[in-house]
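Heads up, the final residue of the sequence shown is numbered 447 in my numbering, and it's a clean run with no missing numbers.
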Amino acid sequence: MTTIRQAGAHAIVAGAGIAGLAGAAALAGRFGRVTLLDRDSLPDGVQMRLGAGQGAHLHQLLKAGEEALERLLPGVTDDFYAAGAKRMRVGRDVKVFDFGGWMDECDAGFDVTSLSRPAYEAVLRARVSALPGVTIRTATPVKRLVVSDGRCTGVELEDGETLSADLIVDASGMTAPLMTQLAAEGHAAFETEEVRINVAYSTVRFRQPEKWRGESAGFFLLPGPPGKRFGFLLPIENGEWILSVGARGKDSPPRSLAEMLAYAEQFEPSIFERVRDAEPLSELRTFRKPTANRRKAWEAAKWPERLVPIGDALSSVNPTYGQGMTVAACEADALAGLLDARSADNAGLDGLASSYLTKAGEISGRAWSLSLNSDYVYDETEGERPPTFAMNRAMAATLRKLADDDLDFRTFRYRLVHMVADANALREGAMGIKFFTALQGSMAS
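1. Identify whether residue 5 lies in helix, strand or coil by the three-state DSSP scheme.
2. Under 8 Å, with one C-beta from each stretch per pair, do the region 310 to 327 and the region 294 to 302 reach the 3-pair mark?
3. When you compare only the Cα positions, how much space is there between residue 185 and residue 146?
4. From 323, 304, 121, pick the residue whose C-alpha is nearest to that of residue 47; which is it?
5. Of all the beta strand (DSSP E) runs that stay within the bounds of the region 274 to 299, which reach a length of 3 or more residues?
6. In or out: residue 27 buried (at least 16 other Cβ within 10 Å) or exposed?
7. Could you work out which residue in 400, 167, 177, 156 is closest to residue 12 when comparing CA atoms only?
8. Do residue 300 and residue 363 come within 8 Å of each other at the CB atom, strictly closer than that value?
9. Tell me the start and end of each unbroken beta strand (DSSP E) in the region 199 to 249 that is at least 3 residues and wholly inside, in chain order.
10. By Cβ distance, which residues of its chain are closer than 6 Å to residue 96, with the 5 residues on each side in sequence left out?
11. Inspect the CB distances between the region 173 to 183 and the region 76 to 86 and report whether three or more fall short of 8 Å.
12. Within 10 Å of its beta-carbon, does residue 16 have 16 or more other beta-carbons around it, so buried, or fewer, so exposed?
13. Between which two residues does the beta strand (DSSP E) containing residue 158 stretch?
14. Rounded C-beta distance between residue 238 and residue 205? I'm assuming under 8 Å.
15. Taking the beta carbon of residue 260 as the centre, do at least 16 other beta carbons fall within 10 Å, making it buried, or is it exposed?
16. Alpha carbon to alpha carbon, how far is residue 400 from residue 440? Give it in angstroms, no decimals.
17. Tell me whether residue 252 sits in a helix, a strand or coil according to DSSP, three-state version.
18. Using CA coordinates, which residue listed in 246, 104, 315, 371 is at the minimum distance from residue 282?
19. Pick out whichever of 387, 309, 379 has its Cα sitting closest to the Cα of residue 153.
20. Looking only at its own chain, which residues have a Cβ that is under 7 Å from the Cβ of residue 131, when we skip the five neighbours before and after it?
21. Could you give the residue range of the alpha helix (DSSP H) that holds residue 166?
22. Less than 8 Å between the C-beta atoms of residue 324 and residue 59, yes or no?
23. Excluding five sequence neighbours on each side, which residues of the same chain lie with their C-beta closer than 6 Å to the C-beta of residue 359?
24. Between residue 273 and residue 233, how many whole angstroms is the CB-CB distance? I'm expecting something under 8 Å.
This is the structure in structure tokens:
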């Protein structure tokens, strides 16, 4: 990594999960010292972290997130493979059943990795802790942010110690205790948007039977309304599968292995035929996500300088779409770019928070739109639909239909899901003409 000059002497990251590790990678080399603080006693290897509520569940790193991490930590994708990640060719190995049918196979032109969440964290923790100037302090909970004269100057720890820094990154997770404290003390004023999505799912890890050993296929089953149940099966490290199945609304997720298998049997047989005789390797764990929420700091009427939130602390959507790690990685990558640009212009750190929040709002906003446009089609998602809902629903249906018959649209749909393409591309060129012709036809019929 090459930088023009360091942006400051010391930066603090509150939280050493995926978002915090990505944030620290963005700061390393751009500050003389970077201190990560986490309330947990972090594991040395691949173990679930106590503070990672979703740690036992299926995670996916989308292509945009992989590319962002690769820019921050060159070679990290190879490290994921060295840790046992399965290589999945999108469109071929990644098999998607949604709204009543399978997406036809294609080669979308890129691979993604498949690992457990603890393995992703272990690789990133090893890489980040080896960066010059980086220190990870475990079992060190942050009590509050210290703000003076409209500027965040450090953090106060639970034991009373105060640490000063030139920049603070809030990676404290979806409960966002530090942003809550910030607002309660009058240091920030921002709107929180919340949508009740009412999603819950259960997860078990299995050993792949000999018959399926080495298979790299992953399955994403999202039947669409009126169906409420969904399931995902991915190959991960050590010859294992991770299976998550769940439901929306009042339909409960499985509470036992027997219920989980019964759930899986109700789907198209691809998942059940693989796991029915597989050896379970973990206890069943359940995760509930009643709401999607975002703290709209990019529109804040008041916000302190030198404080940047990242990941779930800023925005947390339906985890079944696999966007969380990717959004955090892309936000960290954006932060690195802004720091380099400001260093080149000798601009200093005041004003960085505003520029970063604008970028983070755009990144998280894409994930928010993609996920909520899908969630809103289900009656189990509560609340008034936005004015654009009918049009967004028609556009999504048109894209699905075109993708059934047109390889370019099928590839684009995969790229859109992996956040390496933007929906605005549907407004341009020959693809845009074909898309809007089909859209007008569907709305006229």
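From the three backbone atoms N, C-alpha and C, an ideal C-beta is built for every residue, glycine too.
Taking the geometry as given:
1. As a working mapping, residue 5 is identified with position 3 in the sequence shown. Note that residue 5 scores 43 on pLDDT, short of 50, meaning its location in the model is unreliable and no value can be drawn from it.
2. With the rule of 3 Cβ pairs closer than 8 Å, the region 310 to 327 counts as touching the region 294 to 302.
3. Looking up residue 185 in the sequence shown gives position 183. Looking up residue 146 in the sequence shown gives position 144. Their Cα atoms are separated by approximately 11 Å.
4. Stepping through the sequence shown from its first residue, residue 47 is reached at position 45. Comparing C-alpha distances from residue 47 to each of 323, 304, 121 shows the shortest one belongs to 121.
5. Every beta strand (DSSP E) of 3 residues or more that sits fully in the region 274 to 299 is shown, in chain order, as 287 to 297.
6. By one-based count along the sequence shown, residue 27 stands at place 25. Here residue 27 is buried, its C-beta having at least 16 other C-beta atoms within 10 Å.
7. As a working mapping, residue 12 is identified with position 10 in the sequence shown. Of the listed residues, the one whose Cα sits closest to residue 12 is 167.
8. As a position in the sequence shown, residue 363 is number 361, starting the count at 1. As a position in the sequence shown, residue 300 is number 298, starting the count at 1. Contact: yes.
9. Listed in chain order, the beta strand (DSSP E) runs fully inside the region 199 to 249 are 220 to 224, 231 to 238, counting runs of at least 3 residues.
10. For this step, residue 96 is matched to residue 94 along the sequence shown. If we look at residue 96 and ignore the five residues flanking it on each side, its Cβ neighbours are 90, 220.
11. No: the two stretches stay apart, fewer than three of their Cβ pairs being nearer than 8 Å.
12. The count along the sequence shown starts at 1 and reaches residue 16 at position 14. Flag for residue 16 reads buried.
13. Against the sequence shown, residue 158 aligns to sequence position 156. First-last of the beta strand (DSSP E) with residue 158: 153 to 159.
14. If you number the sequence shown from 1, residue 238 lands on position 236. If you number the sequence shown from 1, residue 205 lands on position 203. 12 Å between Cβ atoms; not a contact.
15. Here the question's residue 260 lines up with position 258 in the sequence shown. Label assigned to residue 260: exposed.
16. Taking the first residue of the sequence shown as 1, we reach residue 440 at position 438. Taking the first residue of the sequence shown as 1, we reach residue 400 at position 398. Residue 440 and residue 400 have their alpha carbons spaced roughly 7 Å apart.
17. Looking up residue 252 in the sequence shown gives position 250. Under the three-state reduction of DSSP, residue 252 is assigned to coil, being neither helix nor strand.
18. As a working mapping, residue 282 is identified with position 280 in the sequence shown. When only C-alpha atoms are compared, the closest one is 246.
19. Residue numbering aside, residue 153 sits at position 151 when the sequence shown is read from its first letter. Selection 387, 309, 379 evaluated against residue 153 yields 309 as nearest (Cα-Cα).
20. The residue labelled residue 131 in the question sits at position 129 within the sequence shown. If we look at residue 131 and ignore the five residues flanking it on each side, its Cβ neighbours are 138.
21. Looking up residue 166 in the sequence shown gives position 164. Counting along the chain, residue 166 falls outside any alpha helix (DSSP H), though it belongs to the beta strand (DSSP E) covering 164 to 166.
22. As a position in the sequence shown, residue 324 is number 322, starting the count at 1. As a position in the sequence shown, residue 59 is number 57, starting the count at 1. The answer is no: Cβ separation not under 8 Å.
23. Translated into the one-based positions of the sequence shown, residue 359 becomes position 357. Cβ neighbours of residue 359 beyond the five flanking positions: 299, 300.
24. Reading the sequence shown from its first residue, position 271 is the one you call residue 273. Reading the sequence shown from its first residue, position 231 is the one you call residue 233. Taking C-beta atoms under 8 Å as the contact rule, residue 273 and residue 233 qualify, at a distance of about 5 Å.
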